[in-house]
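Its first residue numbered 72, the sequence shown is counted upward by one per residue in this note's numbering.
Cβ atoms here follow ideal geometry from the backbone N, Cα and C, with glycine treated the same way.
This one's a predicted model, so the numbers in the text were calculated from it and none came from an experiment.
Have a look at the structure below, then the notes.
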Amino acid sequence: MHWPDEAACEAFARSLATRPGIADASIELRGSLGAGKTTFVRHLLRALGVSGRIKSPTYAVMEPYQLPGGGSAAHFDFYRFNDPREWLDAGFRDVFSAPGLKLSEWPDKAGELLPLPDLRLDIDTLDDDSRAVRIAALTPRGVGLLA
């Protein structure tokens, strides 16, 4: 997939927000600093009806959100993890086992402790500042989200 600009990222997020199963999905976002991971999360949460400030969880590690009509979302940024065991120490196993949307930036920093995501987005910045996005569905729910 190619996102020539932020509007294309927003359009994809809006489309994904309408899919059955999104409210309980787990999505990993991979890419370099500034690739657009948090931008995608903001567009997706807005499309799901979250109002107010949507900020990067770089320092807090997790930002929780309530979805209109019930449900929750948790936005994670594991960039500052030095050891995957920090994921266990923080109690995130409980968050990931509960219902709700999970959006994880820098999942590699949590190592093999993260459960298999439904979708994995790899976002690469191109020379013209557009984005090349590879999307992998890793579970039946992920396949359904992309159908």
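Counted as a single uninterrupted DSSP element, the beta strand (DSSP E) harbouring V204 occupies residues 202 to 208.
Annotated three-state conformation of W74 is strand, per DSSP. In the displayed model, I93 falls within a helix according to three-state DSSP. When C-beta atoms of the segment 169 to 177 are compared with those of the segment 90 to 103, three or more pairs fall below 8 angstroms, so the two segments count as touching. The beta strand (DSSP E) runs lying completely inside the segment 128 to 175 and spanning 3 residues or more are 133 to 137, 143 to 148, given in chain order.
Following the DSSP letters along the chain, one finds L115 inside the alpha helix (DSSP H) bounded by residues 108 to 118.
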